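Quick note, the sequence shown lines up with residues 0 to 80 if you use numbering that gives the first Met the number 0.
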Amino acid sequence: MGLCLPCLGGAADTVVETPDPEMRRRQLAEAAEKRQMESASRGIKNPSSVEQKKRKQEEMEKRLESSGPGPEGGGLRWQVG
(Lines of atoms letter the chains of each structure in order from A and count residues from 1; the text may use other names and numbers.)
(Lines give C-alpha, C1' and ligand atoms only; values in the text may rest on other atoms or scores of the structure.)
Protein backbone atom coordinates (compact mmCIF):
# COMPACT_ATOMS: atom_id res chain seq x y z
CA MET A 1 0.00 0.00 0.00
CA GLY A 2 1.37 3.30 -1.04
CA LEU A 3 0.83 6.49 0.87
CA CYS A 4 0.43 9.78 -0.88
CA LEU A 5 1.62 12.46 1.53
CA PRO A 6 1.99 16.09 0.50
CA CYS A 7 5.03 16.52 2.73
CA LEU A 8 7.01 14.09 0.57
CA GLY A 9 8.37 15.17 -2.75
CA GLY A 10 7.30 18.38 -4.47
CA ALA A 11 5.20 19.81 -1.66
CA ALA A 12 7.67 22.64 -1.07
CA ASP A 13 6.72 24.11 -4.45
CA THR A 14 3.08 24.60 -3.44
CA VAL A 15 3.76 26.42 -0.15
CA VAL A 16 2.51 30.02 -0.21
CA GLU A 17 4.48 32.47 1.89
CA THR A 18 2.47 34.89 3.98
CA PRO A 19 3.30 38.58 3.55
CA ASP A 20 4.96 40.46 6.38
CA PRO A 21 2.59 42.04 8.95
CA GLU A 22 3.04 45.60 7.65
CA MET A 23 2.15 44.61 4.09
CA ARG A 24 -0.81 42.58 5.38
CA ARG A 25 -2.11 45.59 7.37
CA ARG A 26 -1.79 47.81 4.31
CA GLN A 27 -3.68 45.30 2.16
CA LEU A 28 -6.45 44.99 4.76
CA ALA A 29 -6.73 48.79 5.06
CA GLU A 30 -6.97 49.18 1.27
CA ALA A 31 -9.61 46.45 1.06
CA ALA A 32 -11.65 48.04 3.86
CA GLU A 33 -11.47 51.46 2.18
CA LYS A 34 -12.56 49.94 -1.13
CA ARG A 35 -15.54 48.22 0.54
CA GLN A 36 -16.57 51.49 2.19
CA MET A 37 -16.40 53.36 -1.12
CA GLU A 38 -18.44 50.67 -2.86
CA SER A 39 -21.09 50.53 -0.14
CA ALA A 40 -21.31 54.33 0.03
CA SER A 41 -21.94 54.59 -3.70
CA ARG A 42 -24.28 51.61 -3.96
CA GLY A 43 -27.46 52.68 -5.73
CA ILE A 44 -26.10 56.14 -6.60
CA LYS A 45 -25.71 56.91 -10.27
CA ASN A 46 -23.64 60.08 -9.84
CA PRO A 47 -21.57 59.98 -6.63
CA SER A 48 -19.84 63.30 -7.33
CA SER A 49 -23.14 65.20 -7.35
CA VAL A 50 -24.08 63.59 -4.05
CA GLU A 51 -20.77 64.73 -2.53
CA GLN A 52 -21.34 68.24 -3.89
CA LYS A 53 -24.82 68.38 -2.37
CA LYS A 54 -23.46 67.14 0.95
CA ARG A 55 -20.81 69.88 0.98
CA LYS A 56 -23.41 72.55 0.20
CA GLN A 57 -25.63 71.27 3.02
CA GLU A 58 -22.70 71.39 5.47
CA GLU A 59 -21.87 74.95 4.37
CA MET A 60 -25.47 76.03 4.93
CA GLU A 61 -25.48 74.49 8.41
CA LYS A 62 -22.21 76.26 9.28
CA ARG A 63 -23.63 79.60 8.08
CA LEU A 64 -26.75 79.14 10.18
CA GLU A 65 -24.68 78.24 13.25
CA SER A 66 -22.29 81.15 12.78
CA SER A 67 -25.09 83.68 12.26
CA GLY A 68 -26.28 82.95 15.79
CA PRO A 69 -29.77 83.30 17.17
CA GLY A 70 -31.99 86.11 15.97
CA PRO A 71 -33.34 88.92 18.16
CA GLU A 72 -35.46 87.98 21.15
CA GLY A 73 -39.03 87.16 20.26
CA GLY A 74 -38.18 87.02 16.59
CA GLY A 75 -40.20 83.85 16.03
CA LEU A 76 -43.61 83.50 14.43
CA ARG A 77 -46.44 85.41 15.99
CA TRP A 78 -49.81 83.89 16.53
CA GLN A 79 -52.87 86.00 16.33
CA VAL A 80 -55.83 84.72 18.28
CA GLY A 81 -59.16 85.94 17.53
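Glycine included, each C-beta is placed from N, C-alpha and C at the ideal position.
All figures in this text were calculated on a predicted structure; none of them were measured in a lab.
Annotated three-state conformation of residue 51 is helix, per DSSP.
In terms of Cβ geometry, residue 38 and residue 46 do not form a close pair [threshold 8 Å]. Taking C-alpha positions only, residue 23 is separated from residue 36 by approximately 20 Å.
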